[in-house]
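Participant: Below you will find the structure I want to go over with you.
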Amino acid sequence: MSEHETAVPGPQGAPTGPAGPTAPTTPAAAPGPEAPAGHTTASGRVPAQPDGGRSRTAVRGLRPPAARYRLRYALWAAGGVVLLALPFYLDRFWLQAGLFAIAAGIGAIGLNLLTGSTGQLSMGHAFFLAVGAYGYCVLAGEGGRSGGHQLVGLGLPSWLAAVLAVALAGAAGGLFSPIAGRLRGAYLGIATLALIFIGQHVLFNATALTGGFNGRPVEPLSLLGITFDDTETVIAAVPFQSAEKLWYVALAALLACALFARGVLRGRPGRALNAIRDHNIAAGVMGVPVARYRAAVFVLSSMYAGLAGVLLALVFQRTVPDYFGMVLSLEYLAMIVIGGLGTVAGAVVGAAFVSLLPQLLTRYSDALPLVSAPGSGGVSPGEASRYLYGAAVVAVVLFLPGGLARLRPSQPARPPKEPV
Amino acid sequence: MTTFLELLLGGLSMGSVYALIALGFVVIFKATEVVNFAHASLLLAGGWVTAVLHDDIGFWPALAVGIASAAAVGASVEFLVMRRYRGQDQSVLAIVTIGVDILITTDLTRRIGTDVLALGDPWGDAVVHLGPVTLPQTRIAALVSATVLIGAFLLVFRYTSWGVAMRAAAEKPETAALMGVRLGRVSLAAWAVAGALAAVAALFLTVFPTPGLERATSLAALKAFPAAILGGLDSTTGALAGGLIVGVTEAMATGYQSQLAFLGRGIGDLAPYLVMVAVLLLRPAGLFGTKEPARV
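See the structure below:
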């Protein structure tokens, strides 16, 4: 922080790069004699300049904006093509792992809106995932006996059930909003612990809805005449089963969710949310309805969690209550911290990291030192990955405040020292 | 009526144990503004050390080592981790403690595995008869030790120079620092005390009628969170009241489970959280918490 303070003049000071003689060049791209190294990192992270977009372009790019955008679009397009082509090349194991990562990405974007952008901690994310997953099962499933329990099922068309399940998760978040709107930061974190325990209690006891301990089967999604179950469709000599087909639905959902969240964050609501995080009283004074925004972002994040829950249910093909416990909530918090608080890309990167890590370690456990197969007494892959992301959470906050995505401008949140 | 009295006394005794945990939690919060989600793992660490050592060196020395090592774990978390993050945003700090919690809990649950470890306490399953009321000795021991410890802590907090330093640091860190209070030591001491209190609580959470120390013990320890927040996070009185409320509610809900059958099995474990939600709906700052005065 002190390095940061020396390198960057206060928010009112003259912007470093653009005002100097090196105005049109970026310090990062052209390390001229006038741009010392410490200077580069710091001004790369300067929060929004007072004069807005114009100076930002000047700081960031030597190339004219059009060329820069062309490169960026090319990169995005290449990434998109790779993602679209993956089902043709990956086996089922990796596709499922990828689907988990995508679903987790959606959930993490939601949590990041709440925790990263608004500073409201939530330990109850697993509860809303459960509401989405089980909501979908109940709404889409047919009633009947399964695992010794009489199950309730409404048998709605599955696409409608998915939409309603997301709405249901939002409604559950809305029910909690009297608390979510009034409590601040870590206080809300403790209060939302209640949601996990309430959720577990309901999942184990409301057997007619949830199937109890053994969970209940998930009705496959069917959309526009395509059913996303294990019936094989052969496309380009690749048999398409549920994982391959779901891949595209999940990708589309992730893209839509990411764009929506980006829109929220870049627009007026996003500024309001950040203002609440940085100083809730100042935000209130400036006319941001603090409680209403807190409640609203809580509802929004539970809807994201609901959608992630629906997707997870579709991938698992069976929902079990044990999965939606405390550990899952902690994993989501780890995701957003590791990826980067407050950014959409950070949430997705963190989700990929935390949810692919155990799979990677499981797959390559024989080749890795210190990690052994589950049940053999040593450190199992699941535990190893928990060690890793636990340590990553602690380390990232210290060494990489922007997270892996590193997009967030350096933390402006430290309140000015009170004069004594 | 007898059942009611038994439940009430049992609940008060469990409540005093929760109050011990919650007290440590509140002390950390007051001294360092950190909401410590790693508290349950401190408790697990103390209990585990006691459980492992009691066979070799006897129960009382093992308990002493357990308390000391929980204090050491707490202090080293403060020294190695939390000290590096001073001045960060409150919820970021809370997330860091979650990372610490993941690390410690993963390690301990891996060591515990599926075992249920006995702590080798001298009370066993003996019971005491007070008129018509029958109570396990362990519950009496819990009530007495918790009362003594909490009383001692409050006296120290009020009358020793260490306690004064602590309260000054909680009131206004900058001023306290200028008056010569070493904030680093204060927060180190807070974490160590919290760890020690948690280790004592670990003993009473795992003795009869509970089977012993197991993975789920950290879940039981989590009930101290609702205790702390429903009393008000920044109030030691609140921690005591919250602990007792949580303990009695839990005991009543478990004891009258058959009458509450429509709510499903295991409602006792849920009751503390429901009470917390109810209290927070009415008083967002908790029962004894100070409503933060805001100055712009």
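If you read the sequences in order, they're chains A and B. Each number in the numbering used here corresponds to the 1-based position in the first sequence with 8 added. Each number in the numbering used here corresponds to the 1-based position in the second sequence with 594 added. Just so you know, even glycine gets a beta-carbon here, dropped at the ideal spot from N, CA and C. These numbers come from a predicted model, not from an experiment.
Which complete beta strand (DSSP E) runs does the region 174 to 256 of chain A hold, if anything under 3 residues is left out?
Facilitator: Whole beta strand (DSSP E) segments, 3+ residues: 241 to 243, 246 to 248.
Participant: With a Cβ-Cβ cutoff of 8 Å, do Asp683 of chain B and Gly124 of chain A count as a contact?
Facilitator: In this structure, Gly124 of chain A does not lie closer than 8 Å to Asp683 of chain B by Cβ.
Participant: Quick one: residues in its chain with C-beta nearer than 7 Å to the C-beta of Thr728 of chain B, no 5 flanking neighbours on either side, listed in chain order?
Facilitator: Here the set comprises Glu600, Val721.
Participant: Kindly list the residues whose CB is nearer than 7 Å to the CB of Ala321 of chain A, restricted to its own chain and excluding five residues on each side of it in sequence; keep chain order.
Facilitator: Only Ala141, Tyr144, Cys145, Val226, Thr327 meet the Cβ criterion.
Participant: Rank A:Ser363, A:Val298, A:Leu259 by C-alpha distance to the C-alpha of Leu92 of chain A and give the top, closest one.
Facilitator: The shortest Cα separation from Leu92 of chain A among A:Ser363, A:Val298, A:Leu259 belongs to A:Leu259.
Participant: In chain A, which residues lie less than 8 Å from Met760 of chain B when you measure between Cβ atoms?
Facilitator: Per Cβ cutoff of 8 Å: no residues; Met760 of chain B is ~19 Å from chain A at best.
Participant: Looking at the unbroken beta strand (DSSP E) that takes in Gln684 of chain B, where does it start and where does it end?
Facilitator: Element bounds for Gln684 of chain B: not the beta strand (DSSP E) but the alpha helix (DSSP H), 684 to 706.
Participant: Which residues, in chain order, does the region 173 to 187 of chain A contribute to contact with chain B at a C-beta distance below 9 Å?
Facilitator: Those would be Phe184, Pro186, Ile187, in chain order.
Participant: For a contact defined as C-beta to C-beta under 8 Å, what are the partners of Ala688 of chain B on chain A?
Facilitator: Within 8 Å Cβ-Cβ: Leu129, Gly193, Ala194, Gly197.
Participant: What are the complete beta strand (DSSP E) segments, minimum 3 residues, inside the region 603 to 640 of chain B?
Facilitator: Complete beta strand (DSSP E) runs here, min 3: none at all.
Participant: Here's the rule I'm using: 16 or more other beta-carbon atoms within 10 Å means buried, otherwise exposed. How should Tyr867 of chain B be labelled?
Facilitator: Looking at its Cβ environment, which holds 16 or more other Cβ atoms inside 10 Å, Tyr867 of chain B is buried.
Participant: Considering only residues of the same chain and omitting the five flanking positions on each side of Arg62 of chain A, which have a CB-CB separation below 6 Å?
Facilitator: Confidence at Arg62 of chain A is low in this model, with a pLDDT of 43, below 50, so the placement of that residue should be treated as unreliable; the coordinate-derived value is given next. Nothing meets the Cβ criterion.
Participant: By a C-beta neighbour count over all protein chains shown, 10 Å radius and 16 as the cutoff for buried, is Phe131 of chain A buried or exposed?
Facilitator: Strictly speaking, residue 131 of chain A in this sequence is Met, with Phe absent from that position. So Met131 of chain A ends up on the buried side.
Participant: Can a CB atom of chain A be found closer than 8 Å to the CB of Ile706 of chain B?
Facilitator: No, its Cβ sits nowhere closer than 8 Å to a Cβ of chain A.
Participant: Say whether chain A places a C-beta atom closer than 8 Å to the C-beta of Phe819 of chain B.
Facilitator: So, interface residue.
Participant: So Met773 of chain B contacts chain A; which residues on that side make the cut at Cβ distance below 9 Å?
Facilitator: Those within 9 Å of Met773 of chain B in chain A number zero; the least Cβ separation is about 10 Å.
Participant: Using a Cβ-Cβ distance under 8 Å, would Gln851 of chain B count as near chain A?
Facilitator: Chain A contact via Cβ: absent.
Participant: When the Cα of Ala872 of chain B is compared with those of B:Met846, B:Val840, B:Thr848, which residue comes out closest?
Facilitator: Ranking the options by Cα distance to Ala872 of chain B, first place goes to B:Val840.
Participant: Within this structure, are the beta carbons of Gly883 of chain B and Trp785 of chain B separated by less than 8 Å?
Facilitator: The answer is no: Cβ separation not under 8 Å.
Participant: How is the alpha helix (DSSP H) around Gln853 of chain B delimited, first residue to last?
Facilitator: Unbroken run through Gln853 of chain B: none, as it is neither H nor E.
Participant: Beta-carbon of Gly398 of chain A versus every beta-carbon of chain B: anything under 8 Å?
Facilitator: Output row for Gly398 of chain A: interface = yes.
Participant: From Arg76 of chain A to Ala82 of chain A, what does the alpha carbon distance come to, in whole angstroms?
Facilitator: If you take the alpha carbons of Arg76 of chain A and Ala82 of chain A, they lie about 10 Å apart.
Participant: According to DSSP, is Val727 of chain B helix, strand or coil?
Facilitator: Correct three-state label for Val727 of chain B: strand.
Participant: Report the residue from A:Arg153, A:Ile187, A:Ala355 whose alpha carbon sits nearest the alpha carbon of Ala313 of chain A.
Facilitator: It is A:Ala355 whose Cα lies nearest to the Cα of Ala313 of chain A.
Participant: I'd like to know if Gln684 of chain B contacts chain A, where contact means its C-beta is closer than 8 Å to some C-beta of that chain.
Facilitator: Gln684 of chain B counts as touching chain A.
Participant: Using alpha carbons as the reference points, say which of B:Ala764, B:Leu647, B:Leu813, B:Leu838 lies closest to Asp828 of chain B.
Facilitator: It is B:Ala764 whose Cα lies nearest to the Cα of Asp828 of chain B.
Participant: If you draw a straight line from the C-alpha of Gly836 of chain B to the C-alpha of His648 of chain B, how long is it?
Facilitator: So the two alpha carbons sit approximately 32 Å from each other.
Participant: Between the alpha carbons of Gly862 of chain B and Ala616 of chain B, how many angstroms are there, rounded?
Facilitator: Going by the C-alpha atoms only, they are around 19 Å apart.
Participant: What does Ile206 of chain A reach in chain B if we use C-beta pairs closer than 9 Å?
Facilitator: Residues of chain B passing the Cβ test: Leu864, Tyr867, Leu868, Val871.
Participant: Is Ala56 of chain A buried or exposed, if buried means 16 or more other CB atoms sit within 10 Å of its CB?
Facilitator: Caution is warranted here: a pLDDT of 42 is assigned to Ala56 of chain A, below 50, making its placement in the model unreliable, and the coordinate value is therefore given only provisionally. Flag for Ala56 of chain A reads exposed.
Participant: How about Ile622 of chain B: is its C-beta nearer than 8 Å to some C-beta of chain A?
Facilitator: With 8 Å as the cut-off, Ile622 of chain B does not count as an interface residue toward chain A.
Participant: Could you confirm whether any beta carbon from chain A is found closer than 8 Å to the beta carbon of Arg776 of chain B?
Facilitator: No, Arg776 of chain B lies away from the interface with chain A (no Cβ there is under 8 Å from its Cβ).
Participant: Going along the region 736 to 751 of chain B in order, which residues come within less than 7 Å of chain A, judged by CB to CB distance?
Facilitator: Of all residues in the region 736 to 751 of chain B, none has a Cβ within less than 7 Å of some Cβ in chain A.
Participant: Exposed or buried, what is Thr597 of chain B when buried is set at 16 or more other beta-carbons lying within 10 Å of its beta-carbon?
Facilitator: Thr597 of chain B comes out exposed.
Participant: Could you list which residues in chain A have their beta carbon closer than 7 Å to that of Gly825 of chain B, in chain order?
Facilitator: Within 7 Å Cβ-Cβ: nothing; Gly825 of chain B doesn't reach chain A, min ~12 Å.
Participant: Rounded to a whole number of angstroms, what is the C-alpha to C-alpha distance between Ser310 of chain A and His133 of chain A?
Facilitator: So the two alpha carbons sit approximately 7 Å from each other.
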